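**Q** Chains as they are written, first to last, in the working numbering: chain H, 1 to 373; chain F, 374 to 582.
Just so it is clear, CB atoms sit at the ideal spot from N, CA and C, and this is done for glycine as well.
Because the structure is a prediction, the values reported are computed rather than measured.
Got a structure here, written out as structure tokens. Questions coming.
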Amino acid sequence: MSAALKTDYLTINMGPQHPSTHGVIRFIIKTDGEIIHECDPDIGYLHRGIEKLAESVSWQGFVPFTDRVDYVCAMNANLSYSMAVEKLMGLEIPQRAEYIRVIVSELNRISSHAIAIGAANMDMGAFTPFVHLLREREHINDLLEMICGARLTYNYICIGGVNYDLPPGFKEKTLEFLDHFEVVVEQINRLISYNQIFIKRFANVAVVPPEMAMQYNLVGPNLRGSGVKFDVRVAEPYSIYPELDFDVPVGEGYEGTLGDCYDRYLVRVKEIRESIKIIRQCLQRIPGGEHKAVVKNVIKPPKGHIYFRTETPRGDTGYFIYSDGKTSPNRLKIRTGSFTAMSIIPEIAKGVFIADLVAIIGSLDVVAPELDR
Amino acid sequence: MGGYFKNIKNGFQSVFEGLSVTMASMLVRPVTVQYPETDISSNETIQRSYKSTLMGMPENYRGVLGVNLETCTSCGLCVKACPIECIVIDTVKCDKTKLTDNSGNTVLNRFTQKEALKTRASTRFDINIGKCMFCGLCVIACPTRAIQHTNIFEMNRHNLDDLVIAFVPEEEKRAAMARGEEIEKEAAAKKAAKAKAAKEKQKEEKTDD
Chain H
1 MSAALKTDYL TINMGPQHPS THGVIRFIIK TDGEIIHECD PDIGYLHRGI EKLAESVSWQ
61 GFVPFTDRVD YVCAMNANLS YSMAVEKLMG LEIPQRAEYI RVIVSELNRI SSHAIAIGAA
121 NMDMGAFTPF VHLLREREHI NDLLEMICGA RLTYNYICIG GVNYDLPPGF KEKTLEFLDH
181 FEVVVEQINR LISYNQIFIK RFANVAVVPP EMAMQYNLVG PNLRGSGVKF DVRVAEPYSI
241 YPELDFDVPV GEGYEGTLGD CYDRYLVRVK EIRESIKIIR QCLQRIPGGE HKAVVKNVIK
301 PPKGHIYFRT ETPRGDTGYF IYSDGKTSPN RLKIRTGSFT AMSIIPEIAK GVFIADLVAI
361 IGSLDVVAPE LDR
Chain F
374 MGGYFKNIKN GFQSVFEGLS VTMASMLVRP VTVQYPETDI SSNETIQRSY KSTLMGMPEN
434 YRGVLGVNLE TCTSCGLCVK ACPIECIVID TVKCDKTKLT DNSGNTVLNR FTQKEALKTR
494 ASTRFDINIG KCMFCGLCVI ACPTRAIQHT NIFEMNRHNL DDLVIAFVPE EEKRAAMARG
554 EEIEKEAAAK KAAKAKAAKE KQKEEKTDD
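In structure tokens:
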């Protein structure tokens with residue numbers, strides 16, 4: 001009887017509008033009962049042609065567009081692009097600007113990781129930590145709004161330095177926040193990270209061994225979660241990072257296997273602490289002086305091309321720029337961490353439960369606008 | 374079997390530990406500000422009606438753009454700086470005047486530190502706030518700080534056309550156009566007179582020969 005019964009895989013769509021895909025992504029899943037047989041990510045729903053837009057705006061005019069590449073960590077995207085153009089032009093920027101840049105981008109890293117951690121928790125059904133972390137993120141938004149007047153798309157870091165100097169009282173308010181936030185990180189750990197139910201959902205799921213992580217070109221916390229100690233801030237130091245003292249946390253198989261979802265999650269929690277350490281050092285050492293180098297209104301970088309990458313919360317973001325000596329880039333290509341993180345999903349999603357796919361997306365911290373640009 | 378019970382015990386323990394954090398947050402002051410009932414335009418107004426830890430809108434908030442035509446020289450640098458072309462300026466020639474701000478001080482050019490001269494008047498200064506992305510590049514580029522962000526953030530309008538803010542009023546536009554034409558006529562007359570004079574001079578020189 002059972003031999004005559006014809007069975008087939010059931011194809012279901014997850015997305016494009018799905019609360020746990022963190023944006024507009026679609027997964028075409030072939031399921032065998034509750035087990036995923038094949039998972040095919042379908043991207044491109046948020047494609048806005050930002051790379052093409054770069055060819056029709058001025059060099060400074062593209063900075064606000066980099067905000068929109070990854071709106072969760074706009075400062076880091078600003079930094080990446082600005083540094084690439086500065087390298088191309090051979091522009092020296094004031095020391096104060098370097099310190100301000102590192103402070104704001106690390107603040108943004110904390111807020112981005114807060115969202116990543118909170119969203120991963122929310123995907124696992126724990127809503128409270130997400131709300132707690134959003135509340136804390138509000139303080140960072142307030143701090144960054146105090147500097148530049150915007151809450152999400154900052155356009156603060158510009159070619160040649162930063163647009164506005166630090167306002168009075170910023171240092172005290174930031175230190176106050178860091179003191180407060182260090183306690184909150186411990187609270188969040190007690191609230192959810194060490195929760196047995198949460199660990200059972202995340203541990204030993206979607207294991208990415210170090211070799212596989214490197215083969216698939218994972219970057220950032222996803223790579224470090226697999227135990228590979230690679231951080232662009234340390235490996236190819238830029239700005240003032242060589243002078244700063246911080247660790248690069250890696251996954252160690254905290255609850256079971258090395259490179260599982262829980263490792264990737266915990267690396268982010270640990271990175272928040274490192275960022276706090278970096279900001280404290282910067283606030284202590286920040287020198288006086290100018291906050292912006294003298295840059296012309298219309299800049300024309302020399303002919304040539306450059307690839308420059310910085311460490312953003314979602315791995316390293318690289319900007320390839322080809323200049324033909326005119327007032328706008330001839331070609332610009334953005335390389336982001338979410339894209340490579342997405343490419344590994346078909347591989348690790350094979351043979352897991354549908355419910356665990358949500359855990360995978362949550363732990364890889366994929367942000368849709370960065371994926372499609 | 375021992376592992377099984379230990380598992381349950383650990384689970385309960387960690388759940389109650391998490392719950393203790395949740396319970397503790399009941400004692401924390403709420404951070405949600407009840408907008409629009411609460412005025413969020415500054416920290417003081419928030420604190421008046423709400424004991425919140427949030428800072429409220431800062432002074433340098435990047436809201437809808439505002440233009441002070443008194444100090445605007447219609448140089449068009451903001452138009453060039455804008456990456457999405459949401460500013461439109463039309464200009465005519467006007468009488469040369471030195472710029473003074475509201476308190477009577479001369480306005481200096483931010484970049485050259487020289488006195489700013491007004492040689493053009495704008496007959497049209499439109500900003501499309503529907504297009505604007507509030508990046509602030511025009512504000513950075515403006516040499517006399519005529520274009521500034523206001524702290525208006527409520528941008529709902531009934532019509533799409535209302536999203537285009539025209540800063541030059543109709544009467545001023547007509548007056549500037551009329552004056553511009555006059556100046557142009559005068560300049561043309563001057564030029565013609567000059568040309569005539571030159572011609573006559575040439576003629577005289579010829580007759581002299």
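Measure from the alpha carbon of Glu115 of chain H to the alpha carbon of each residue in H:Ile100, H:Glu136, H:Arg201, H:Arg264, then state which is nearest.
**A** Glu is not the amino acid found at residue 115 of chain H; the sequence shown has Ile there. When only C-alpha atoms are compared, the closest one is H:Glu136.
**Q** For Ser387 of chain F, go through chain H and note every residue whose CB falls closer than 7 angstroms to its CB, in chain order.
**A** What Ser387 of chain F touches in chain H: Tyr194, Asn195, Gln196.
**Q** Taking 8 angstroms as the threshold (C-beta atoms), are Phe230 of chain H and Ile278 of chain H in contact?
**A** no
**Q** Hey, would you say Tyr265 of chain H sits closer than 8 angstroms to Ser363 of chain H, going by beta carbons?
**A** Taking 8 angstroms as the Cβ cut-off, Tyr265 of chain H and Ser363 of chain H qualify as a contacting pair.
**Q** Output, in chain order, the set of chain H residues within a Cβ distance shorter than 7 angstroms of Cys508 of chain F.
**A** Listed along the chain, the chain H residues whose CB falls inside 7 angstroms of the CB of Cys508 of chain F are Pro64, Asn155.
**Q** So Asn121 of chain H is in the alpha helix (DSSP H); what residue range does that whole segment cover?
**A** 95-123
**Q** Please classify Ile460 of chain F: does DSSP put it in a helix, a strand, or coil?
**A** Collapsing the DSSP output to three states places Ile460 of chain F in a strand.
**Q** Count the other CB atoms within 10 Å of the CB of Ile25 of chain H; is the residue buried (16 or more) or exposed (fewer)?
**A** In the assembly as shown, Ile25 of chain H is a buried residue. Its beta-carbon has 16 or more other beta-carbons within 10 Å.
**Q** Mapping the DSSP letters down to three states, classify Asp324 of chain H as helix, strand or coil.
**A** coil
**Q** Run down chain F in chain order and give the residues with a C-beta less than 9 angstroms from the C-beta of Arg190 of chain H.
**A** Ser387, Glu390, Gly391, Ser393, Val394
**Q** Among the residues of its own chain, which have a CB less than 6 angstroms from the CB of Ala97 of chain H, if the five just before and after it don't count?
**A** Within the same chain, and ignoring the five residues on either side of Ala97 of chain H in sequence, the residues whose Cβ sits closer than 6 angstroms to its Cβ are Gly161, Val162, His291.
**Q** Return the CA-CA distance between Met83 of chain H and Ile334 of chain H, expressed in angstroms with no decimal places.
**A** 14 angstroms
**Q** Taking the DSSP output, what are the residues bridged to Ser495 of chain F?
**A** DSSP lists F:Thr464 as the bridge partner or partners of Ser495 of chain F.
**Q** Verify the contact flag: Ser387 of chain F, CB atom, against every heavy atom of the ligand FAD, threshold strictly below 7 angstroms.
**A** The ligand content of the structure shown is nil, which means the ligand FAD is not present either.
**Q** Report the residues of the stretch 425-459 of chain F with a CB closer than 9 angstroms to any CB of chain H, ordered along the chain.
**A** Thr426, Leu427, Met428, Gly429, Met430, Pro431, Glu432, Asn433, Tyr434, Arg435, Gly436, Leu450, Lys453, Ala454, Cys455, Pro456, Ile457
**Q** Taking Tyr154 of chain H and Pro369 of chain H to be in contact with their CB atoms under 8 angstroms, please state how far apart those CB atoms are, rounded to whole angstroms.
**A** Between Tyr154 of chain H and Pro369 of chain H a beta carbon distance of about 15 angstroms is seen, past the 8 angstroms cut, so the two are scored as non-contacting.
**Q** How would you list, in chain order, the residues of chain H whose beta-carbon sits under 9 angstroms from the beta-carbon of His522 of chain F?
**A** Gly149
**Q** Report the rounded CA-to-CA distance for Gly251 of chain H versus Asn141 of chain H, giving the unit in angstroms.
**A** 29 angstroms
**Q** Could you compute how far the alpha carbon of Thr523 of chain F sits from the alpha carbon of Ile321 of chain H?
**A** 35 angstroms
**Q** Compare the Cα-Cα distances from Ile354 of chain H to each of H:Arg268, H:Gln17, H:Phe27 and report the closest residue.
**A** H:Phe27
**Q** When the Cα atoms are used, what is the spatial distance from Lys567 of chain F to Thr580 of chain F?
**A** 20 angstroms
**Q** If we cut at 8 angstroms on Cβ distances, does Val480 of chain F have a partner in chain H?
**A** no
**Q** By the 8 angstroms beta-carbon criterion, what residues does the stretch 120-138 of chain H contribute toward chain F?
**A** Thr128, His132, Arg135, Glu138
**Q** Give every residue of the same chain whose Cβ lies closer than 6 angstroms to the Cβ of Asn491 of chain F, excluding the five residues on either side of it in the sequence, and list them in chain order.
**A** Here the sequence assigns Lys to residue 491 of chain F, which means Asn is not the residue at that position. The residues are Thr446, Thr470, Leu472.
**Q** Looking at Arg552 of chain F: is its Cβ nearer than 8 angstroms to the Cβ of Cys467 of chain F?
**A** yes
**Q** With a threshold of 16 other CB atoms inside 10 Å of the CB of Val541 of chain F, please say whether the residue is buried or exposed.
**A** buried
**Q** So what does Asn501 of chain F bridge to, in DSSP terms?
**A** F:Val537
**Q** Given a threshold of 16 other Cβ atoms within 10 Å of its Cβ, counted over all protein chains shown, does Ile272 of chain H qualify as buried or as exposed?
**A** buried
**Q** Could you confirm whether any beta carbon from chain F is found closer than 8 angstroms to the beta carbon of Val57 of chain H?
**A** yes
**Q** Please tell me whether Asp123 of chain H and Ala359 of chain H are closer than 8 angstroms, where the distance is taken between their beta carbons.
**A** Taking 8 angstroms as the cut-off, the beta carbon of Asp123 of chain H is found closer than this to the beta carbon of Ala359 of chain H.
**Q** Buried or exposed: where does Ile462 of chain F fall if 16 or more other Cβ atoms within 10 Å of its Cβ makes it buried?
**A** buried
**Q** Could you work out which residues of chain F lie near Asn217 of chain H, taking near to mean beta carbons separated by less than 9 angstroms?
**A** By Cβ distance, chain F contributes nothing, its closest Cβ being about 32 angstroms from Asn217 of chain H, past 9 angstroms.
**Q** Please report the straight-line C-alpha distance between Gly436 of chain F and Leu152 of chain H, rounded to a whole angstrom.
**A** Those two C-alpha atoms are separated by around 13 angstroms.
**Q** Would you list, in chain order, the members of the stretch 177-188 of chain H that have their beta-carbon closer than 7 angstroms to a beta-carbon of chain F?
**A** Gln187
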